[in-house]
Structures are given as C-alpha cells and as structure tokens.
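Quick note: the sequence shown uses full-length UniProt numbering, first residue 1, plus one each step. We put the CB at the ideal spot given by N, CA and C, even for glycine. So the structure is just underneath, and the comments pick up after that.
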Amino acid sequence: MSGKIVGIFIVVAALIFGAVVYYYQEYGYYEPVSANGTDDVVLTSLVSGAPEPILYEDFRAIDANSSPIRYRACFTTAQSIPMLTETYEPYERAEPLVGPSWFDCFDAEAIGTALERGEALAFLGQENVQYGIDRVVAIFPDGRGYAWHQINHCGEVVFDGRPVPEGCPPKEGVPMESDAPQAQEQEAD
C-alpha cells in the first residue's frame with residue numbers, strides 16, 4: 001500500500017513540476033516592450049553601417065531578461081521592399097526563433113518559410129545588440145514586419161568557449177583567436 005502512495009506522490013510531484021516549468025517557459029519571463037514611437041524598428045544602413053529608424057506602425061513586442069534571444073516584435077511599415085533593399089543591409093542567415101504561443105502575431109515557422117521562398121526579406125536591424133546577438137528584421141511586400149534576436153557568427157564561436165575569431169569585436173575576458181597560440185605557449189612555460 002505504501003508503494004502506491006509513494007508512486008502517486010512521485011507522479012503528482014512530476015506533473016506539478018512540469019506545469020511550473022511550462023508556465024515559466026511560456027509566460028513567466030516575458031514582459032511587453034513599451035514602444036517609444038521613434039526608433040523601435042531600426043535597420044542597418046548600407047552607406048553608414050549604422051542602425052537607422054524606419055517608418056512603422058502597430059508595434060508590439062515582448063522580451064525577457066532571462067535570455068538575450070527572447071525578443072520578438074511585430075509591426076507594419078509603409079516603406080517599399082525596393083527602397084529597403086537599396087538602403088539597408090540584408091541578413092543572409094535569418095532564422096526566426098519560436099516564441100510563446102500567446103504572442104500570436106509572431107509565427108516563426110511561417111516567417112521562416114516565407115524567407116526561404118523569397119516571399120519576405122531579412123535585414124540586419126542592429127549588430128551586437130548584446131555581444132554575439134543581432135536583431136534581425138524580416139519584412140513582407142505587404143508591409144508586415146517582424147523582428148527577433150539571433151546569435152551571430154561571433155556569438156556562436158565565443159559562446160562555445162573558443163577564442164574570438166578574426167573580424168569579431170573583442171569580448172572582455174575572452175582571448176582573441178590571433179592571441180590564442182601565444183596564450184597556449186605561455187601556459188606551457
């Protein structure tokens with residue numbers, strides 16, 4: 001009899017734990033982002049290399065302090081795709097990340113499929129919003145736009161524990177790739 005009670009307790013505890021984990025992953029950490037109305041949506045200029053605000057409306061966004069890649073945003077813009085492609089830097093490896101189901105304006109799978117088919121275009125919003133994390137913006141010809149944070153090449157390498165590769169900005173406490181052989185020689189001495 002006591003074995004059944006212990007078994008029931010374990011199952012109930014596991015269900016409660018699972019529900020708590022689900023809640024925190026889906027709802028617990030996300031906060032709405034307050035729009036400032038002027039530079040919530042930026043794209044990186046081909047000419048200056050700096051992020052510049054674009055015209056937008058209907059901005060909705062969420063973010064979480066628990067991870068730099070939880071940012072998601074939806075908006076509309078009246079700016080045309082031809083004008084955007086002539087003015088702003090494209091983003092080659094855009095991969096929208098799935099967000100919480102309750103943030104229903106952002107469908108990562110549909111955005112990703114549209115990007116693969118060429119039905120939407122991705123632009124660099126801002127490089128290194130945090131070290132190794134880019135803000136990527138996808139825009140459809142009808143003016144729908146979406147933004148998310150994505151790990152860039154520098155982040156992939158550094159977050160994996162390797163030295164900072166050539167062409168990446170330095171990160172405090174992480175050796176540069178060009179310094180790595182020197183550091184290894186010094187450790188051997």
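For C154, which three-state DSSP category applies?
helix
Please report the Cβ distance between Y22 and C74, rounded to the nearest whole angstrom; I am assuming they are in contact, meaning their Cβ atoms lie under 8 Å.
No, Y22 and C74 are not in contact; Cβ-Cβ is about 24 Å, not under 8 Å.
Which class does V6 belong to by DSSP, given the choice of helix, strand or coil?
helix
In chain order, what residues of the same chain have a beta carbon less than 7 Å from the beta carbon of E52, not counting five sequence neighbours either side?
V42, L43 and S45
With a threshold of 7 Å on Cβ separation, who are the neighbours of F103 within its own chain once the five nearest residues in sequence on each side are excluded?
I62 and R72
Residues bridged to R93 [DSSP beta-bridge criterion]
Answer is none; R93 lacks a bridge partner.
Alpha-carbon to alpha-carbon, E119 and F17
41 Å
Measure the alpha-carbon distance for S101 versus P32 and round it to whole angstroms.
14 Å
Spatial neighbours of V136 within its chain, please: C-beta separation below 8 Å, excluding the five flanking residues on both sides.
Y91, A94, P96, A122, F123, L124, G125, A147, W148, H149 and Q150
Reducing DSSP to helix, strand and coil, say where L124 ends up.
strand
How about F59 and D40: do their beta carbons lie closer than 8 Å?
yes
P163 to S34 span [Cα, whole Å]:
36 Å
For A50, count neighbouring Cβ atoms within 10 angstroms of its own Cβ and tell me buried if that reaches 16, exposed if not.
exposed
Supposed contact pair Y131 and R70 - C-beta distance, whole angstroms, cut 8 Å:
R70 to Y131, Cβ: 16 Å. No contact.
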